[in-house]
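In numbering that gives the first Met the number 0, the protein residues as written are 0 to 196.
Ideal placement from N, C-alpha and C gives every residue a C-beta, glycine not left out.
Have a look at the structure below before the remarks.
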Amino acid sequence: MRDFRVGAPNLAWVTDITYIWTAEGWLYLATILDLFSRRVVGFAMREHVTRELALEALGQALGSRPETRDLVHHSDRGSQYRSHDYRRALEKAGITCSMSRRGNCWDNAVVESFFGTLKTELVHEREFATRAAAKIAITEYIESFYNSRRRHSSLGYVSPLMFELQHGSGKSGGSAPAPPGTSEGRRRGQERPDLAA
């Protein structure tokens with residue numbers, strides 16, 4: 000899944016799991032992004048990495064975007080995504096399952112770029128006393144900032160939400176280009192042209 004260009008929303012999702020340190024221990028975050036706009040369409044956080052974590056993120060994505068015909072879901076080969084329950088959930092929704100080639104991390108570069116952005120702009124700026132505090136901050140970052148206000152160079156310096164709205168109104172410049180994958184801005188609570196995809 001190296002072609003990161005998609006011509007419309009809800010044709011390709013990418014997913015992965017990362018971890019965030021808190022004073023209580025690790026918190027694991029599963030995220031699903033729409034490849035067209037880099038919008039987070041589903042996410043979940045738990046104390047342990049389990050298939051239930053991945054399924055919860057998938058359930059949220061399906062709840063927010065129930066039209067899944069012709070959709071491809073791409074992940075690495077982690078046990079959560081290879082589990083019978085997860086693959087059955089994809090099949091039930093009519094979603095085509097795609098997985099990275101063994102040992103090839105570049106196939107999931109877009110979601111890895113999101114994790115890098117999240118950690119640079121939020122996680123590395125704070126010390127979380129509890130997992131609950133981390134959950135609140137990460138939820139706020141995704142829902143109130145990243146999806147709706149954070150500008151992306153790969154989207155023509157608009158937010159994921161605005162990119163999708165422009166596409167719906169016919170103003171989009173076409174498919175989203177591949178992310179530059181390097182420069183990452185810092186969140187300062189205001190709109191500005193950040194460079195990370």
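Item                                                                                                                                  : Value
From 76, 40, 114, 80, residue whose alpha carbon lies closest to that of residue 52                                                   : 80
Buried or exposed (CB count within 10 angstroms, at least 16 for buried), residue 85                                                  : buried
Contacts around residue 38, its chain only, beta-carbon distance under 6 Å, and the 5 residues preceding and following it disregarded : 146, 159
Alpha-carbon to alpha-carbon, residue 162 and residue 154                                                                             : 7 Å
Sequence-distant residues of its chain with Cβ nearer than 8 Å to residue 46 (five each side left out)                                : 24, 25, 26, 27, 130
For residue 105, the three-state DSSP class (helix, strand or coil)                                                                   : Because residue 105 sits at a pLDDT of 46, beneath the cut-off of 50, its placement in the model cannot be relied upon, and the point is left open.
Pairwise C-alpha distance: residue 95 and residue 69                                                                                  : 8 Å
Residue environment, residue 128, which counts as buried when at least 16 other CB atoms sit within 10 Å                              : exposed
Collapsed DSSP secondary structure at residue 33 in the structure displayed                                                           : strand
As assigned by DSSP and simplified to three states, the class of residue 156                                                          : coil
Helix, strand or coil at residue 127 [DSSP, three-state]                                                                              : coil
CB contact flag (residue 41, residue 58, <9 Å)                                                                                        : yes
Euclidean distance between Cα positions of residue 116 and residue 91                                                                 : 32 Å
Host beta strand (DSSP E) of residue 72 (start-end)                                                                                   : 71-74
Span of the alpha helix (DSSP H), counted from its first residue to its last, around residue 41                                       : That residue, residue 41, is in no alpha helix (DSSP H); its beta strand (DSSP E) goes 38-45.
Distance between residue 140 and residue 73 (C-alpha atoms, nearest Å)                                                                : 24 Å
8 Å Cβ shell around residue 63 - same chain, five flanking residues per side excluded                                                 : 40, 41
Whole-Å CB distance - residue 110 paired with residue 32, under 8 Å assumed                                                           : 5 Å
CB-CB length for residue 56 against residue 30, believed under 8 Å                                                                    : 6 Å
Rounded separation between residue 15 and residue 93 - CA only                                                                        : 20 Å
For residue 63, three-class secondary structure by DSSP                                                                               : helix
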